[in-house]
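Participant:
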Amino acid sequence: MRSKDRAPLTARVLCAAPLAMALALGAALPARAAEPVQVVATTGMIGDLAAEVAGGCAEVTVMMGPGVDPHLYKPSAGDVRRLAGADAILYSGLYLEGQLGEVLDRLSGRVVTVAVAERAVPEAERILTGEGYGVDPHVWMDPSLWSRVPGVIAEALAPLAPDCAADMAARAEDAARAVTALDGWVRESLASVPEGARLLVTAHDAFEYFGRAYDVEVVGIQGVSTESEAGIADIRAVVDLVVSRKVPALFVESTISPRTVEAVIEAARREGHEVTVGAELYADAMGGAGTGEGTYIGMIHANVRAIVGALGGTPAPLPEALGAWAVRWGVAG
Ligand SMILES: [Zn+2]
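Throughout the sequence shown, residue numbering follows mature numbering (1 follows the signal peptide of the UniProt record, and there is no 0), covering -33 to -1, 1 to 300 in sequence.
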């Protein structure tokens, strides 16, 4: 688990000269260890678990920070330099990082590139979308699937840091255990929401895996990718649903403009149904670095607390396996 006194990932990497970092880490590393392996993760959801797995064996930089939309993100010149200088690039795949394909193609063969979600989730478990987009990439929304990611990362990094392989495998098991405990907590918490109220309306379709895993009906106003804007017909259909089902709350997302959600709320109000805005959900990016929500566990935890509370349920007490995480980040169970 990441400790609170460590600086945020990006700051830590950008500020530290590699030599100074190697010296500072020297005491904790095996005598033969050279400079830590340089890893770039595209999203925070990957980077957070990669940092857990890596420990002192690798330096993990996250390319897309809080509030960044991975569907639309175009790598800057600095990103491309950082990617080219990395030993390994961990990306989600399943076309999440739509603008990154060309850069990854150019670097493959020179840098180890690993599509962690693609590796973790076999085809049979992927959700297909009906709108020509292929596979739904938002796999991290199902912690039972995402719990396999630490193992994929440990395996991918092992050849780059063979002296660390056993340690990384052990840390991956710990991280996977915590994410599996999270899955149990989410399941228990969602089960407290009355069946008729298990309807989640969000700005875009990032929550299909979540809905499938926890038996929640999910409606995204904007579709699976944010590359297409919601049309009038999409908004009309959602308004009808919200009014007829008396949905109490809609949710906005940290990476999406709240405009479409507000349009639905306005239209529902004109038809005599008051619907509120639930807390902002973390869909495609985590919260701020150095906060509980800036961890993978924390983003899911915050989402579930918000959803369960708005839909009339009660979040379950945190399981013991997440106790250390909660204490570290000052999160109340
Ligand atoms: Zn998305």
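We treat Cβ as the ideally placed atom computed from N, Cα and C, and that holds for glycine. Since the structure is predicted, the reported quantities are computational estimates derived from the model, not experimental observations.
Would you check whether ligand 1 has a heavy atom nearer than 7 angstroms to the C-beta of ASP251?
Facilitator: yes
Participant: Measuring only from the beta carbon, is HIS105 closer than 7 angstroms to any heavy atom that is part of ligand 1?
Facilitator: The answer is yes for HIS105.
Participant: Answer with buried or exposed for GLY259, where buried requires no fewer than 16 other C-beta atoms within 10 angstroms of its C-beta.
Facilitator: buried
Participant: Using only the heavy atoms of ligand 1, determine whether one of them is closer than 7 angstroms to the beta carbon of ALA180.
Facilitator: no
Participant: Using the rule of at least 16 other Cβ atoms within 10 Å of the residue's Cβ for burial, across every protein chain shown, is THR227 buried or exposed?
Facilitator: buried
Participant: Are any of the Cβ atoms in chain B nearer than 8 angstroms to that of GLU247?
Facilitator: Protein chains in the displayed structure number just one, and chain B is not present.
Participant: Measure the Cβ-Cβ separation of PRO282 and VAL271 and say whether it is below 8 angstroms.
Facilitator: Closer than 8 angstroms, so yes.
Participant: Please classify GLN66 as buried or exposed, where buried requires at least 16 neighbouring CB atoms within 10 angstroms.
Facilitator: exposed
Participant: With respect to the alpha helix (DSSP H) encompassing GLU247, which residues constitute its N-terminal and C-terminal limits?
Facilitator: First-last for GLU247: 243 to 248, but that is the beta strand (DSSP E), not the alpha helix (DSSP H).
Participant: With three or more beta-carbon pairs closer than 8 angstroms as the criterion, would you say the stretch 4 to 19 touches the stretch 46 to 59?
Facilitator: yes
Participant: Taking only heavy atoms of ligand 1 into account, decide whether any of them is closer than 7 angstroms to the Cβ of ALA173.
Facilitator: yes
Participant: Hey, which unbroken runs of the alpha helix (DSSP H) at 4 residues or more fall wholly within the stretch 86 to 135?
Facilitator: Taken in chain order, the complete alpha helix (DSSP H) segments of 4 or more residues contained in the stretch 86 to 135 are 110 to 113 and 116 to 124.
Participant: Assuming TYR263 and ASP15 are in contact, meaning their beta carbons sit under 8 angstroms apart, how far apart are those beta carbons, in whole angstroms?
Facilitator: Contact between TYR263 and ASP15 is confirmed by a C-beta separation of about 5 angstroms, below the 8 angstroms threshold.
Participant: Could you compute how far the alpha carbon of LEU(-9) sits from the alpha carbon of PHE174?
Facilitator: Caution is warranted here: a pLDDT of 45 is assigned to LEU(-9), below 50, making its placement in the model unreliable, and no coordinate value can be reported.
Participant: Kindly give me the distance between the Cβ atoms of LEU149 and LEU289, rounded to whole angstroms, as I take these residues to be in contact under 8 angstroms.
Facilitator: Yes, LEU149 and LEU289 are in contact; Cβ-Cβ is about 6 angstroms, under 8 angstroms.
Participant: Taking LEU50 as the reference, which of ARG73, TYR62 and ALA21 has the closest Cα?
Facilitator: ARG73
Participant: Tell me which same chain residues have a C-beta within less than 8 angstroms of the C-beta of PRO42, skipping the five on either side of it?
Facilitator: MET30, LEU50, GLN66, LEU67 and VAL70
Participant: At a cut of 8 angstroms, does the stretch 181 to 191 reach the stretch 135 to 142 through at least three beta carbon pairs?
Facilitator: no
Participant: At what residues does the beta strand (DSSP E) containing PHE218 begin and finish?
Facilitator: 216 to 220
Participant: So the beta strand (DSSP E) TYR58 belongs to, where does it begin and stop?
Facilitator: 55 to 58
Participant: Please go through the stretch 29 to 71 and give each complete alpha helix (DSSP H) segment of 4 or more residues, from N-terminal end onward.
Facilitator: 44 to 52
Participant: Can you have a look at LEU95 and say buried or exposed, based on whether 16 or more other CB atoms are within 10 angstroms of its CB?
Facilitator: By the neighbour-count rule (16 or more Cβ atoms within 10 Å), LEU95 is not buried but exposed.
Participant: Tell me the residue span of the beta strand (DSSP E) that contains VAL81.
Facilitator: 79 to 82
Participant: Since SER75 sits in a beta bridge, which residues does DSSP pair it with?
Facilitator: VAL78
Participant: Kindly indicate which three-state DSSP category GLU229 falls into: helix, strand or coil?
Facilitator: When DSSP states are grouped into helix, strand and coil, GLU229 belongs to the helix group.
Participant: Give the single residue among ALA17, VAL6 and GLY276 whose Cα lies nearest to the Cα of SER159.
Facilitator: Here the closest residue by C-alpha is GLY276.
Participant: Exposed or buried, ALA18, counting other C-beta atoms within 10 Å across all chains shown (16 or more means buried)?
Facilitator: buried
Participant: Beta carbon of HIS240: closer than 7 angstroms to some heavy atom of ligand 1?
Facilitator: no
Participant: Figure out for me which residue from TYR181, PRO225 and ALA145 has the closest Cα to the Cα of GLY265.
Facilitator: ALA145
Participant: What's the gap between the Cα of VAL185 and the Cα of GLY178?
Facilitator: 6 angstroms
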